[in-house]
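When we follow the UniProt record's numbering, the leftmost residue of the sequence shown carries the number 1, and every step to the right adds one. Scroll down for the structure; my scribbles are underneath it.
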Amino acid sequence: MPNYEFFKSSYSGGNPENACVEVARNIPTTVAIRDSKHPTGPLLHLTPPAWATFTTAVKAEEPVRADPSPRPPAVATP
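If you want it as structure tokens, here you go:
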């Protein structure tokens, strides 16, 4: 298993009761994410491009879709 070097967002405030995630970007092919309250728990692994898409959307306050292809407009049913 790679030696991930996790860091916590400065927005977490350092308070142990704050729910936060930790991110490791020191492995070139993987961005690892974990729950700061469960550091030995499961990891979520993303590719760097997927992480960049996610963080860009979060900063822009836009929803993130797994499939970036256009979707047909929703049709209201009577």
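Glycine included, each C-beta is placed from N, C-alpha and C at the ideal position. As the structure is a prediction and not an experimental result, all values here were calculated from the model.
For Glu5, which residues of its own chain have a beta-carbon under 6 Å away from its beta-carbon, when the five flanking residues on both sides are left out?
In the sequence shown, residue 5 corresponds to position 5, counting from 1. Within the same chain, Glu5 has close Cβ partners Ala24, Asn26.
What does the alpha-carbon distance come out to for the pair Cys20 and Val58?
Here residue 20 corresponds to residue number 20 of the sequence shown, with the count starting at 1. Here residue 58 corresponds to residue number 58 of the sequence shown, with the count starting at 1. If you take the alpha carbons of Cys20 and Val58, they lie about 15 Å apart.
What is the DSSP secondary structure of Arg24, counted as helix, strand or coil?
Your numbering for residue 24 matches position 24 in the sequence shown. In the sequence under discussion, the amino acid at residue 24 is Ala, which differs from the Arg named in the question. Here DSSP, grouped into helix, strand and coil, assigns Ala24 to strand.
Those residues which DSSP pairs with Thr30 across a bridge:
Position 30 of the sequence shown, counting from 1, holds the residue named residue 30. Answer is Ile27.
Less than 8 Å between C-beta atoms, sequence neighbours within five positions excluded: which residues of the same chain meet that for Phe7?
In the sequence shown, the residue the question calls residue 7 occupies position 7. Answer for Phe7: Glu22, Val23, Ala24, listed in chain order.
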